[in-house]
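Working notes for the structure below.
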Amino acid sequence: MVMASSTGIQGDDFRYLIVRPDKGGIWDVLKYSLQGDIECGSKFLESSDWGVLGGEAADHRWIILVSIVARRIIHFLGKPMELTGYGVDFFLNLLSQNGSLFGLFYNLLRGDIVIPKRGAETFISTIGHLDERMDLYQAKYLVGDLHNSTPGEGIKNVELDDRPTMDLCMMASKLAYENAEVVRNVVVHHWKMHFVDFYDCWDDYQKKKSTQVFLLCDKPKDATLILISFRGTEPFDADDWSTDFDYSWYEIPNLGKLHMGFLEALGVGNREDTASFHYHLQKRSTKHSYPEAAEVESSNEGPHSERSAGIDKKGIPPEMVEMSAYYMVREKLKTLFEEHKNAKYIVTGHSLGGALAILFPIVLVLHEETNLLQKLLGIYTFGQPRVGNKQLGRFMEAHLNHPVPRYFRVVYCNDLVPRLPYDDKTFLYKHFGVCLYYNSCYIEQKMDEEPNKNYFGITHMIPEHLIAIWELIRSLTMGYTHGPEYKEGWFSIFLRVLGLSMPGIAAHCSVNYVNSVRLGKS
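For the sequence shown, my numbering assigns the number 25 to the initial residue and increments by one for each residue that follows.
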């Protein structure tokens, strides 16, 4: 049992809802959606108790239908997406490493063609080819200040309109999509900073290393700033996109509901063994052994739960904890603060990486990591999906926005991902923190929620497509109007053409966020 704590988390009434799109048939889904048939719903929904299945889940069954349909389509396209991504990555690197299409043919005739090698510092991701900028812009002033800072002086609080910090965070979020060698090369040779480490972390539900994160310091000794950057949604990774559309949640008493897929990506649970969430998401001073946590969890499971028949008593394998993104980053941070006594840290990420960036301090609060929370300078996320409900937002704002705001959520125009999972007057997923919204002219507005918060609205459809056309035209002229570094390549323009059919996808690209940070004005 979880006892009362200073964070206000107590009791053992941990509740959850798991949406399993691979279970049940099409008629079960339709009968549940149209008639609210609980028996049909129990075939593809798993929950902690019948109250969740017949109450909250039933109230939102149309959204659950959308989630199931979207994830089934994504699963069906999973292998073609993977093969397409492999081919696109290879082709783009083949072109770039041979100079161009003409250079490729020339080298082919000479018998001197350059073959890209995955994992090498010359092998750039699809995201990297969409926006080839690697050098810092306004952040060079921040780096200069940090390098020239007096040892032991520390760093000031992040300001709302701190462009150098935002530039560093966005570029780091974009860089997180690259392999370890590319990250090391850019941090050391382009940014003149100290590369700490790159982690390829385990997702126990997906059973693969699908969470990447890297750390850097502004300098190797007496560092003032530590930065943690989580990788976002891979364009051709079906599991990443399925996570964004997942409706499954896990509720912690007096804290709120959290997105289950993002918790799994952070390495603090597995829906196939819901007791693992209970074990990882307890306050540190009352943490049970894993079997004890399992016993508490089993008391909450309903008769339709797949795990009600028995719980694994073997405990969490040590290698899982060692490969978990949360634990690896947390322990590395503690080690770094032993070396850099006056340093503070920033957490950042784009897309799914933004969700992990805000979940990391949430779990730190749960574990009462007071020293690490005091060292937290700020959180910047870009195109981040929603991670929990309104109760979670109220709880975390008390920790992150007082005495000064430390959580800034950057949203570009019609980006689809920040509008996921769905939110309405009664729905559970809600954003929190300071929203810095940029329209298609890079005008910044501070607000609580981005306009058109659910994207799929009839009234917004025509404006969305008109803006997509404007963005396409703008991409053809940016190099002339704003300078050569803003010129978009053929691949970026090609994606904008494809994005005319669904503007929210093209708007999610990192190039829009880099431009917003560098060109944005109030």
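Where a beta carbon is used, it is the ideal one built from N, C-alpha and C, also for glycine.
* Keeping to the same chain, check which residues put their C-beta closer than 7 Å to that of alanine 196; ignore five residues upstream and five downstream. => Excluding the 5 residues flanking it on each side, alanine 196 has same chain C-beta neighbours closer than 7 Å at Leu251, Ser253 and Thr372, in chain order.
* Asked: Between phenylalanine 222 and the rest of its own chain, which residues show a CB-CB distance below 6 Å, the 5 nearest in sequence each way excluded?
  -> Ala204, Val207 and Phe238
* Measure the C-alpha to C-alpha separation of glycine 65 and phenylalanine 219 and round it to an integer number of angstroms. => 49 Å
* From the DSSP output, in three-state form, read off leucine 440 for me. => coil
* Might you give, ordered along the chain, the residues of its own chain that have their beta carbon closer than 6 Å to the beta carbon of phenylalanine 456, omitting 5 neighbours on each side? => Answer for phenylalanine 456: Gly417 and Glu421, listed in chain order.
* Which whole-angstrom value describes the C-beta separation of valine 411 and isoleucine 382, a residue pair presumed to lie in contact below a C-beta threshold of 8 Å? -> 6 Å
* To do: Compute the beta-carbon to beta-carbon distance between arginine 443 and isoleucine 403, rounded to the nearest angstrom, for a pair I have assumed lies under 8 Å.
  => About 20 Å separates the two Cβ atoms, so there is no contact after all.
* If we ignore side chains and look at the alpha-carbon of each, how far apart do glycine 135 and phenylalanine 147 end up? -> Rounded to the nearest angstrom, the two C-alpha atoms are 21 Å apart.
* Assign tyrosine 369 to one of two classes, buried (16 or more other C-beta atoms within 10 Å of its C-beta) or exposed (fewer than that). => buried
* Local conformation of methionine 158 per DSSP, three classes -> When DSSP states are grouped into helix, strand and coil, methionine 158 belongs to the coil group.
* State the Cα-Cα distance for the pair isoleucine 461 and histidine 506, rounded to the nearest angstrom. => Note on residue identity: the sequence assigns tyrosine, not isoleucine, to residue 461. Cα to Cα, tyrosine 461 sits roughly 21 Å from histidine 506.
* Give me the Cβ distance between serine 91 and valine 43, rounded to the nearest whole Å; I'm assuming they're in contact under 8 Å. => 6 Å
* Asked: What's the call for alanine 317, buried or exposed, on a 16-neighbour Cβ count within 10 Å?
  -> For alanine 317, the pLDDT reaches just 41, beneath the cut-off of 50, and the residue's location in the model is therefore unreliable, although a value from the coordinates is still provided. Buried, because 16 or more other Cβ atoms sit within 10 Å of the Cβ of alanine 317.
* Is the CB-CB distance between arginine 95 and serine 234 below 9 Å? -> no
* Scan the stretch 35-111 and note each continuous beta strand (DSSP E) run of 3 residues or more that stays entirely inside, going in chain order. => 39-43 and 69-71
* Asked: Relative to the alpha-carbon of aspartate 224, which residue among Val211, Gly256, Lys414 and Leu490 has its alpha-carbon at the smallest distance?
  -> Closest option to aspartate 224, Cα to Cα, is Gly256.
* **Minimum C-alpha distance to phenylalanine 518 - residue among Phe432, Tyr504 and Ile497** => Ile497
* Asked: How would you write the range of the beta strand (DSSP E) that cysteine 241 sits in, first residue to last?
  -> For cysteine 241, the uninterrupted beta strand (DSSP E) run begins and ends at 232-241, by DSSP.
* **Rounded separation between alanine 81 and leucine 279 - CA only** => 19 Å
* Asked: Relative to the C-alpha of asparagine 131, which residue among Tyr436, Lys141 and Leu118 is closest?
  -> Leu118
* **Sheet register partners of phenylalanine 254 (DSSP bridge)** => Val237 and Gly373
* **Rounded separation between asparagine 539 and cysteine 465 - CA only** => 10 Å
* Asked: Does the Cβ-Cβ distance between leucine 390 and glutamine 306 come in under 9 Å?
  -> yes
* Cβ-Cβ distance between cysteine 533 and isoleucine 151 below 9 Å -> In this structure, isoleucine 151 lies closer than 9 Å to cysteine 533 by Cβ.
* Using alpha carbons as the reference points, say which of Ile137, Val541, Met158 and Leu133 lies closest to glutamate 145. => Met158
* To do: With valine 207 as the anchor, note down where its alpha helix (DSSP H) starts and where it stops.
  => 204-209
* Asked: Looking only at DSSP bridge pairs, what is histidine 218 linked to?
  -> Cys241
* Span separating the alpha-carbon of leucine 360 from that of serine 348 -> 18 Å
* To do: Rounded to whole angstroms, what's the CA-CA distance from tryptophan 74 to tyrosine 446? Just pull it up for me.
  => Taking the CA atoms as reference points, tryptophan 74 sits about 23 Å from tyrosine 446.
* Flag this pair as yes or no: are the beta carbons of aspartate 270 and leucine 376 separated by less than 9 Å? => no
* For methionine 195, the first and last residue of its enclosing alpha helix (DSSP H) -> Where methionine 195 is concerned, the enclosing alpha helix (DSSP H) stretches over 187-199.
* Asked: Residues in its own chain within less than 7 Å of isoleucine 139 by CB, not counting five upstream and five downstream?
  -> Cβ neighbours of isoleucine 139 beyond the five flanking positions: none.
* From this set, Thr248, Asp113, Asp228 and Leu396, which residue's C-alpha is nearest alanine 547's C-alpha? -> No answer is possible for residue 547: the residues shown for the chain start at 25 and end at 546.
* **Cβ neighbours of arginine 542 in the same chain (closer than 6 Å, five flanking residues each side left out)** => So the qualifying residues of the chain are Tyr161.
* Asked: Just the Cα atoms here: how many angstroms apart are alanine 247 and glutamine 398?
  -> 17 Å
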